[in-house]
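Notes follow once the structure below has been shown.
Number of protein chains: 2
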Amino acid sequence: MKEVHVIGVGMTPFGILEDSIIELAEKAALEAIDDSQTIEYGFDRLIVGTQNPDEFTGRGHLSTLLADRLGIVPAGAFRVETGPSSGSSAFESAVALVGSGLAELVLVIGVEKMSEVERGTASKILAKMMSFENETRYGATPAALAAMVARRYMHDYGLTRDELSLVPVKAHKNGSKNPLAHFQKEITVEEVSNARIVAEPLTLFDCCPTSDGAAAVVVASSTVVNDIGLADQSVKVVGIGHGTDYHAVQHRLSLTSFGATMAAADAAFKMANMGPRDVDICELHDAFSILEIVNMEDVGIAERGNAIELVKSGATGVDGAIPVNPTGGLKSRGHPTGATGVAQIRDAILQLREQAPSGTQVDSPKVALTHNIGGFGNNMVVTLLTRRS
Amino acid sequence: MKEVHVIGVGMTPFGILEDSIIELAEKAALEAIDDSQTIEYGFDRLIVGTQNPDEFTGRGHLSTLLADRLGIVPAGAFRVETGPSSGSSAFESAVALVGSGLAELVLVIGVEKMSEVERGTASKILAKMMSFENETRYGATPAALAAMVARRYMHDYGLTRDELSLVPVKAHKNGSKNPLAHFQKEITVEEVSNARIVAEPLTLFDCCPTSDGAAAVVVASSTVVNDIGLADQSVKVVGIGHGTDYHAVQHRLSLTSFGATMAAADAAFKMANMGPRDVDICELHDAFSILEIVNMEDVGIAERGNAIELVKSGATGVDGAIPVNPTGGLKSRGHPTGATGVAQIRDAILQLREQAPSGTQVDSPKVALTHNIGGFGNNMVVTLLTRRS
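The listed protein sequences correspond, in order, to chains A and B. Taking this note's numbering, the leading residue of the first sequence gets 141, the next gets one more, and so forth. Taking this note's numbering, the leading residue of the second sequence gets 141, the next gets one more, and so forth.
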């Protein structure tokens, strides 16, 4: 595969926002284009990662619409959708296009505007990613499935309620220093453990919010990187993997491990000729606190059953040996579903460029891993990014 | 780019069907897998091209769902959407994945189930591909925009109503021999010209139907082709291009030519090192009869203003010099939007393999061009396919 680089990033604040889905996408995209200094270069493709703009906002056909609004016609444009991992899947398509030589310069936008519909409607839209036959029609929700994972993990490995609370506490501590985060307020173990139950044992603070927001990255070939003279800030895509698992949780081999993550991580590490020990910083999909624990083990930065020990030791903190979600993760940064994967890549890249917000910057990371979940644990993308030097 | 081949094809009947969207996708996919003899090989990716299954059928997350149902977990799976060109855009992503080396074997499914909702609801869902600010809110419909194109083309080039009727007459003649076509009945110039007006000057028989259906293709690397020993039936992807135009028709440079088609065709021909004279057979997106005329000129098989002369001479018939839509096109084969692009590629491949239905097979074609429209004339994909020999 030809070398693939990311040369520009952009992101709006995440939260409950006034901007329309189009305005959010435009703002993130224009910031990424500006950051990449490609405004006069000419894009070959625009890829929009978004879960369900038609039902969340009544807006369709965003790929052409945004190519027009951003002034990059006649660049080919398309939308990619894999539920909440739509942003990472859009990034994968950009990597394939540049990696194949079909494109030299690709703009990727991840966006979701979730607050225009009532909360109950939003839940129904999100529930479409679950299995109707095996889950939704029996009243299961993503939180209920995550609660089953947590219960089983607690049973198998002895994880306690207060230990689990350390995960969102870390998320909020990091997010409190991220000016774009949905929640910028620290919380305590007591607040998490004693909050309103959503699906026992998970409380309100184990669950990420539904958010509005957008993120964008500019993906380029070596030719473009050299033409524009952006080698200093370019980040190389050294690995990418994409895996699925059985749609319904009940059909899977394990409740406490996601096969789709392992397939995606294996492929990414194999492509990069790396292993989990090479990773300096992780963005893991913590839509529910228990998922960060499971994901740590599935991508291989923690041994099975042992992730919580890393959390307790501070190893996953900003100053730790293997920082996880230093800008707040989905829990604190927020989770506009289609935007999240691109935001993870954007934040990982700012870490590698050592331009993360004050208090969130990890000490000189060289290799970043991002991990994004689509569906409930059944459609994962893992990327490995390195500083070019 | 690494070589990219298509080694298997499948398609359901198109029409108003009983099968669910999932059943349609499965049937086309299983036929393509069977045709490609890859059932035990292991897919790397599944790509689903579909315009709006959430609103047409209430079903979401089809990529994971189908990977599960087809037994190809943990293959990475995603959905691609560009309105009615979703199928071709999905194919483009498969070409990029195999062309980059990120994947060796990719299953592409195009599918749409449009008949579960009322006709008025279907029209509203389809209208989302148009510009709300400039078109939809003033009551414009795709047929109304196509009528404007026809009026202007008639004004500029002297095309007559009865001449235009020759296009759907040819479509139905060809479709009458295609056992999978939505309409398998010949029509006359008089029937077309005198049918109920949809948007003057276009009548009912100038407009394709809304249909249900699915098509699938198996995309593979040279390694797979050689491993499986399928060189004889493999077709090579020698060119692919993707272009956009301004979202609203009123913002474009011309009413009688689509810039997005020209951008896509230019890119495809450049990649293949070919020109329009090298093409032996075309699949052009004739959602409205006038579009076949415009498309012929935009891809370069007819001179500007002269396409109807080719039609009148019989050159675009099955036995002509440059057959267009020999299996019926969108008008007669039908138009389940997300399926159409894949069906075009499937039908073009059967032509190259000389396995098209009796009465539709062109004499020994070597090079096929497919052209698929997304939005109203603003998101086009053009492919160039050749027999491997």
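Using N, Cα and C, we set each Cβ at its ideal position, and we do this for glycine too. Only a predicted model underlies this, so the values are computations on that prediction, with no experimental measurement involved.
Quiz prompt | Endpoints, alpha helix (DSSP H) assigned at Arg527 (chain A) | solution = Stepping through the first sequence from its first residue, residue 527 (chain A) is reached at position 387. Looking at the DSSP string, Arg527 (chain A) is not in any alpha helix (DSSP H); the run it does join, the beta strand (DSSP E), is 519-527.
Quiz item: Interface residues of chain B around Pro214 (chain A) at Cβ under 7 Å?
Solution: Here the question's residue 214 (chain A) lines up with position 74 in the first sequence. Within chain B, the residues near Pro214 (chain A) are Gly383, Thr384, Asp385, Gly399, Ala400, Ala403.
Practice problem: Between the Cα of Asp208 (chain A) and those of B:His425, B:Asn519, B:Thr523, spot the shortest distance and give me the residue it belongs to. | Solution: Along the first sequence, read from residue 1 onward, the residue named residue 208 (chain A) stands at position 68. Out of B:His425, B:Asn519, B:Thr523, B:Asn519 has the C-alpha closest to the C-alpha of Asp208 (chain A).
Quiz prompt | For Asp296 (chain B), the three-state DSSP class (helix, strand or coil) | solution = To locate residue 296 (chain B), count along the second sequence from 1; it is residue 156. When secondary structure is reduced to three states using DSSP, Asp296 (chain B) falls in the helix class.
Practice problem: Report buried or exposed for Ala461 (chain B), applying the criterion of at least 16 other Cβ atoms within 10 angstroms of its Cβ. | Solution: Residue mapping note: residue 461 (chain B) aligns to position 321 of the second sequence, counting from 1. Classification for Ala461 (chain B): exposed.
Practice problem: Inspect the beta-carbon positions of Val146 (chain B) and Val375 (chain B) and report whether they are closer than 8 Å. | Solution: Numbered from its first residue, the second sequence carries residue 146 (chain B) at position 6. Numbered from its first residue, the second sequence carries residue 375 (chain B) at position 235. For Val146 (chain B) and Val375 (chain B), yes; Cβs fall inside 8 Å.
Quiz item: Taking 8 Å as the CB-CB limit, is Thr204 (chain B) close to chain A?
Solution: In the second sequence, the residue the question calls residue 204 (chain B) occupies position 64. For Thr204 (chain B), the answer is yes, since a Cβ of chain A falls inside 8 Å of its Cβ.
Practice problem: Establish whether the CB of Val364 (chain A) and some CB of chain B are separated by less than 8 Å. | Solution: Reading the first sequence from its first residue, position 224 is the one you call residue 364 (chain A). Closer than 8 Å: no.
Quiz item: If you follow the beta strand (DSSP E) that His475 (chain A) is part of, which residue opens it and which one closes it?
Solution: Taking the first sequence and counting its residues from 1, the one referred to as residue 475 (chain A) is at position 335. Taken as a continuous stretch (DSSP letters only), His475 (chain A) belongs to no beta strand (DSSP E), as it is neither H nor E.
Quiz item: Which value, in whole angstroms, describes the spacing of the CA atoms of Glu244 (chain B) and Ala230 (chain B)?
Solution: Residue mapping note: residue 244 (chain B) aligns to position 104 of the second sequence, counting from 1. Residue mapping note: residue 230 (chain B) aligns to position 90 of the second sequence, counting from 1. Taking the straight line from one Cα to the other gives about 16 Å.
Practice problem: May I ask which residues mark the beginning and end of the beta strand (DSSP E) holding Met270 (chain A)? | Solution: Looking up residue 270 (chain A) in the first sequence gives position 130. Met270 (chain A) -> no beta strand (DSSP E), and no H or E assigned at all.
Quiz item: If you compare alpha carbons, which of A:Gly155, A:Ile433, A:Ser176 is closest to Val365 (chain A)?
Solution: If you number the first sequence from 1, residue 365 (chain A) lands on position 225. For the options A:Gly155, A:Ile433, A:Ser176, the alpha carbon positioned closest to that of Val365 (chain A) is the one of A:Ser176.
Quiz prompt | Residues bridged to Lys253 (chain B) (per DSSP) | solution = Looking up residue 253 (chain B) in the second sequence gives position 113. The partner list for Lys253 (chain B) (beta bridge, DSSP) reads B:Asp352.
Practice problem: Put Ile187 (chain A) into one of helix, strand or coil per three-state DSSP. | Solution: The sequence position of residue 187 (chain A) within the first sequence is 47, counting from 1. In this structure, Ile187 (chain A) counts as strand in the three-state DSSP scheme.
Quiz prompt | Same chain only: Cβ atoms within 7 Å of Ser233 (chain A), ignoring 5 sequence neighbours per side | solution = Mapped onto the first sequence, residue 233 (chain A) falls at position 93. Contacts found: Ile187, Val220.
Quiz prompt | 8 Å Cβ cutoff, Gly514 (chain A) in contact with chain B | solution = The residue given as residue 514 (chain A) occupies position 374 in the first sequence. At least one chain B Cβ lies under 8 Å of Gly514 (chain A).
Quiz item: Alpha carbon to alpha carbon, what distance is there between Phe196 (chain B) and Lys317 (chain B)?
Solution: Taking the first residue of the second sequence as 1, we reach residue 317 (chain B) at position 177. Taking the first residue of the second sequence as 1, we reach residue 196 (chain B) at position 56. Going from the Cα of Lys317 (chain B) to the Cα of Phe196 (chain B) covers about 30 Å.
Practice problem: Determine whether the Cβ of Asp208 (chain A) lies closer than 8 Å to any Cβ atom of chain B. | Solution: As a working note, residue 208 (chain A) is residue 68 in the first sequence. At least one chain B Cβ lies under 8 Å of Asp208 (chain A).
Quiz item: My guess is that Asn192 (chain B) and Ile265 (chain B) are in contact by the Cβ rule of under 8 Å, so how many angstroms apart are they, rounded?
Solution: In the second sequence, residue 192 (chain B) corresponds to position 52, counting from 1. In the second sequence, residue 265 (chain B) corresponds to position 125, counting from 1. The pair is a contact, with the Cβ atoms about 5 Å apart (cut-off 8 Å).
Quiz item: Closest Cβ-Cβ distance between His201 (chain A) and chain B: below 8 Å?
Solution: Counting from 1 along the first sequence, the entry for residue 201 (chain A) is found at position 61. Chain B contact via Cβ: present.
Self-check item: Selected residue, minimal CA-CA separation from Arg292 (chain A), among A:Glu331, A:Gln390, A:Ser351, A:Ser255
Solution: As a first step, residue 292 (chain A) must be located in the first sequence, where it is residue number 152. The candidate whose alpha carbon is nearest that of Arg292 (chain A) is A:Gln390.
Quiz prompt | Contact under 8 Å by Cβ, Val257 (chain B) with Ile433 (chain B) | solution = On the second sequence, residue 257 (chain B) is found 117 positions in, with the first residue counted as 1. On the second sequence, residue 433 (chain B) is found 293 positions in, with the first residue counted as 1. It is not a contact, given that the beta carbons lie outside the stated cut-off.
Quiz item: By Cβ distance, which residues of its chain are closer than 6 Å to Thr523 (chain B), with the 5 residues on each side in sequence left out?
Solution: Within the second sequence, the letter at position 383 stands for residue 523 (chain B). Ile380, Thr510.
Quiz item: In chain A, what lies closer than 9 Å to Lys268 (chain B) by C-beta?
Solution: Along the second sequence, one-based indexing puts residue 268 (chain B) at 128. Those are Asp194, Gly198, Arg199, Gly200, His201, listed as they occur along chain A.
Exercise. Give me the Cα-Cα distance between Gln324 (chain B) and Lys167 (chain A), rounded to the nearest whole angstrom.
Key: Stepping through the second sequence from its first residue, residue 324 (chain B) is reached at position 184. Stepping through the first sequence from its first residue, residue 167 (chain A) is reached at position 27. Whole-angstrom Cα-Cα distance: 50 Å.
Quiz prompt | Pairwise C-alpha distance: Gly515 (chain B) and Thr276 (chain B) | solution = Counting from one through the second sequence, the residue named residue 276 (chain B) turns up at place 136. Counting from one through the second sequence, the residue named residue 515 (chain B) turns up at place 375. So the alpha carbons of these two residues sit roughly 12 Å apart.
Quiz item: Closest Cβ-Cβ distance between Met141 (chain B) and chain A: below 8 Å?
Solution: For this step, residue 141 (chain B) is matched to residue 1 along the second sequence. Chain A, which has a Cβ nearer than 8 Å to the Cβ of Met141 (chain B), makes this yes.
Quiz item: Taking 8 Å as the CB-CB limit, is Ser305 (chain B) close to chain A?
Solution: Position 165 of the second sequence, counting from 1, holds the residue named residue 305 (chain B). No, no contact with chain A.
Exercise. Grab me the residues of Ile327 (chain B)'s own chain with a C-beta within less than 8 Å of its C-beta, minus the 5 sequence neighbours each way, in chain order.
Key: Position 187 of the second sequence, counting from 1, holds the residue named residue 327 (chain B). Once the five neighbours on either side are set aside, the close Cβ partners of Ile327 (chain B) are Pro308, Val309, His312, Phe345.
Quiz item: Counting contacts by CB-CB distance shorter than 8 Å, is Leu170 (chain A) in contact with chain B?
Solution: Numbered from its first residue, the first sequence carries residue 170 (chain A) at position 30. Chain B, which has no Cβ nearer than 8 Å to the Cβ of Leu170 (chain A), makes this no.
Quiz item: Short check: CB of Gly353 (chain A) to CB of Leu157 (chain A), under 8 Å?
Solution: Reading the first sequence from its first residue, position 213 is the one you call residue 353 (chain A). Reading the first sequence from its first residue, position 17 is the one you call residue 157 (chain A). Yes, they are a contact pair.
Quiz item: So what does DSSP say about His322 (chain A), is it helix, strand or coil?
Solution: Position 182 of the first sequence holds residue 322 (chain A). Here His322 (chain A) sits in coil by DSSP.
Quiz item: What is the rounded straight-line gap between the Cα of Glu423 (chain A) and the Cα of Ala455 (chain A)?
Solution: Mapped onto the first sequence, residue 423 (chain A) falls at position 283. Mapped onto the first sequence, residue 455 (chain A) falls at position 315. Their Cα atoms are separated by approximately 14 Å.
Exercise. Would you list, in chain order, the members of the region 488-501 of chain A that have their beta-carbon closer than 7 Å to a beta-carbon of chain B?
Key: Only those residues of the region 488-501 of chain A whose C-beta falls short of 7 Å from the nearest C-beta of chain B would be listed, and there are none.
Practice problem: Please go through the same chain and pick out, in chain order, the residues whose beta-carbon is closer than 7 Å to the beta-carbon of Phe218 (chain B), but skip the five residues on each side of it. | Solution: Within the second sequence, numbered from 1, the residue matching residue 218 (chain B) stands at position 78. Excluding positions up to five away in sequence, the list reads Ile187, Ser203.
Quiz item: Pick from B:Asp406, B:Gly517, B:Ala321, B:Arg417: whose alpha carbon is nearest that of Gln484 (chain B)?
Solution: Here residue 484 (chain B) corresponds to residue number 344 of the second sequence, with the count starting at 1. Closest option to Gln484 (chain B), Cα to Cα, is B:Ala321.
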